[in-house]
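Start counting the sequence shown at 345; every next residue gets the next number (the working numbering).
These notes concern the structure reproduced below.
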Amino acid sequence: MTTLTNAVVLVTGANGGIGTEFVHAALARGAAKVYASARTPRTWDDERVIPLELDVTDPASVAAAAAAAGDVTMVINNAGGLPQTASLLEVTEEDLRGVMEINFFAPVRVARAFAPVLVSAENAVLIDIHSVASWYAGSGAYGTSKAAVWSATNSLRLELAPHGVLVTGVHMGYVDTAMAAHTDDPKMKPADLVAAVFDGVEKGEFEIVADGISAHVKAGLAAPIEALYPELLTGR
Numbered sequence: 345m346t347t348l349t350n351a352v353v354l355v356t357g358a359n360g361g362i363g364t365e366f367v368h369a370a371l372a373r374g375a376a377k378v379y380a381s382a383r384t385p386r387t388w389d390d391e392r393v394i395p396l397e398l399d400v401t402d403p404a405s406v407a408a409a410a411a412a413a414g415d416v417t418m419v420i421n422n423a424g425g426l427p428q429t430a431s432l433l434e435v436t437e438e439d440l441r442g443v444m445e446i447n448f449f450a451p452v453r454v455a456r457a458f459a460p461v462l463v464s465a466e467n468a469v470l471i472d473i474h475s476v477a478s479w480y481a482g483s484g485a486y487g488t489s490k491a492a493v494w495s496a497t498n499s500l501r502l503e504l505a506p507h508g509v510l511v512t513g514v515h516m517g518y519v520d521t522a523m524a525a526h527t528d529d530p531k532m533k534p535a536d537l538v539a540a541v542f543d544g545v546e547k548g549e550f551e552i553v554a555d556g557i558s559a560h561v562k563a564g565l566a567a568p569i570e571a572l573y574p575e576l577l578t579g580r
């Protein structure tokens with residue numbers, strides 16, 4: 345069983361709503377230290393929080409962070425971004441490459457950089473924040489990038505398991521943060537998501553399906569594709 349007691353945690357995208365909640369919740373569960381990383385780190389009112397400059401899209405920055413935080417036992421790949429449009433046909437190539445960079449290449453880059461540190465630690469954990477969009481189409485480039493990182497997480501899990509590193513993927517719908525401000529659809533509270541993640545990690549779970557919509561979509565993956573996307577039958 346994994347525990348956060350005395351863990352040393354690194355959170356990417358720590359300035360955002362979910363990232364901030366990960367920092368506070370890790371400390372509340374007994375973490376000894378949390379590296380709160382961001383492109384422009386902010387100050388924190390707890391000496392256990394270490395602000396760390398980290399641009400996950402910059403290989404040199406990631407390498408420097410891995411060198412500076414060589415005592416981590418848990419890495420939370422939380423940083424992510426949205427493209428300007430949900431259409432895969434209308435998104436510019438620059439924007440498409442940008443969302444793939446932040447949502448796919450960046451978390452894989454972070455995982456690769458910190459893998460040696462995690463392998464050498466006890467009870468080490470890598471947490472990748474995915475989305476229900478990993479499984480459910482309709483968000484264009486964003487969903488494509490999340491599906492890619494979900495696949496990468498599955499591969500990383502198999503590669504790191506023999507070294508005792510737990511790799512956990514997290515799926516959820518909208519969370520009540522600035523990134524979801526554009527929609528009035530139901531949203532999870534960041535605290536509820538983070539609690540579900542840490543509860544699952546402490547139980548040694550490989551995958552966390554954090555809300556009802558994600559559970560529904562996952563169940564639908566075994567059905568014919570038109571069951572998940574009935575709009576495909578329109579006009580036939």
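Glycine included, C-beta positions come from ideal geometry on N, C-alpha and C.
- With fewer than 16 other Cβ atoms inside 10 Å of its own Cβ, Y573 counts as exposed.
- Contact between the region 399 to 409 and the region 368 to 377 is not established, with fewer than three Cβ pairs separated by less than 8 Å.
- Here I446 is buried: its Cβ has 16 or more other Cβ atoms, across all protein chains shown, within 10 Å.
- In the three-state scheme derived from DSSP, where H, G and I count as helix and E and B as strand, D399 is classed as coil.
- With contacts defined as CB atoms closer than 7 Å, P534 and Y486 fail to qualify as a contacting pair.
- Residue pairing by DSSP puts L354 in a beta bridge opposite Y379, V419.
- DSSP places V435 in the coil class of the three-state scheme, outside both helix and strand.
- For the pair N467 and T346, the CB atoms are nearer than the 7 Å cut-off.
- In this model, A567 and I552 are separated by some 21 Å (Cα to Cα).
- Bridge pairing for H515: V553 [DSSP].
- If you draw a straight line from the Cα of A496 to the Cα of V452, it comes to about 7 Å.
- Remark: C-beta atoms of V454 and H515 do not approach each other more closely than 7 Å.
- Non-local beta-carbon contacts of S558 in its own chain, meaning distances under 7 Å to residues more than five positions away in sequence, involve V476, H515, M516, G517 in chain order.
- Counting along the chain, no alpha helix (DSSP H) covers L426, and no H or E run does either.
- When DSSP states are grouped into helix, strand and coil, D543 belongs to the helix group.
- The alpha-carbon separation between A370 and S431 amounts to approximately 36 Å.
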